[in-house]
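Colleague: Mind having a look at this structure? Questions to follow.
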Amino acid sequence: MPKITFLPNADLCPEGITIEAEKGESILDAALRNDIEIDHACEMSCACSTCHCIVRKGFDSLEPSDEQEDDMLDKAWGVEPQSRLSCQAIVEDEDLTVEIPRYSLNHAKEDH
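With UniProt numbering as the guide, the letters of the sequence shown map in order to residues 1 to 112.
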């Protein structure tokens, strides 16, 4: 079973945590199943960027992002080349190391 290591984040997991993930589930689903409450304002429909994460290890094992996800990532705060929406990043066989940025932009409920 692949593992996801979440790097320390003051709001979600101050010490960091490693969890088991099921192949074929999203990073977000694995996190929520393990009581790691990553924001996800659009209920995992790829319509916001609140679940933005940075995959520090194992990024290449993920299927490439599609155009809709890329459009949402363009609106996220602190995007890096290894950024993904955790609701769209599907776990395969490889272990992942994931950073949840301290800030996110909630386009589902903020006025711009």
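Here a beta-carbon is modelled for each residue, glycine too, at the ideal position from N, C-alpha and C.
The structure presented is a predicted model; accordingly, all values stated were derived computationally and were not measured.
Assuming R84 and C53 form a contact by the criterion Cβ under 8 Å, report the distance between their Cβ atoms to the nearest whole angstrom.
Modeller: 6 Å
Colleague: Are there 16 or more other CB atoms within 10 angstroms of the CB of K109, so buried, or fewer, so exposed?
Modeller: Note that K109 scores 42 on pLDDT, short of 50, meaning its location in the model is unreliable; the coordinates nonetheless yield the value given after this. By the neighbour-count rule (16 or more Cβ atoms within 10 Å), K109 is not buried but exposed.
Colleague: Leaving aside the five residues before and after Q82 along the sequence, list all residues of the same chain whose C-beta is less than 7 Å from its C-beta, in chain order.
Modeller: Residues I54, V55, R56, F59 of the same chain have their beta carbon placed closer than 7 Å to that of Q82, with the five preceding and five following residues left out of the count.
Colleague: Which one or two residues does DSSP pair with C48 in a beta bridge?
Modeller: Bridge pairing for C48: absent [DSSP].
Colleague: Please go through the segment 47–104 and give each complete alpha helix (DSSP H) segment of 4 or more residues, from N-terminal end onward.
Modeller: 67–73
Colleague: With DSSP run on the structure shown, which of helix, strand or coil describes I19?
Modeller: strand
Colleague: If you follow the beta strand (DSSP E) that I4 is in, where does it begin and where does it stop?
Modeller: 3–6
Colleague: What are the partner residues of C42, as DSSP defines its beta bridges?
Modeller: Its beta-bridge partners do not exist; DSSP assigns none.
Colleague: Assuming the contact rule is C-beta atoms closer than 8 Å, L62 and A89 should be a hit. Round their C-beta distance to whole Å, please.
Modeller: 5 Å
Colleague: What residues match up with N9 in a beta bridge as DSSP calls it?
Modeller: C13
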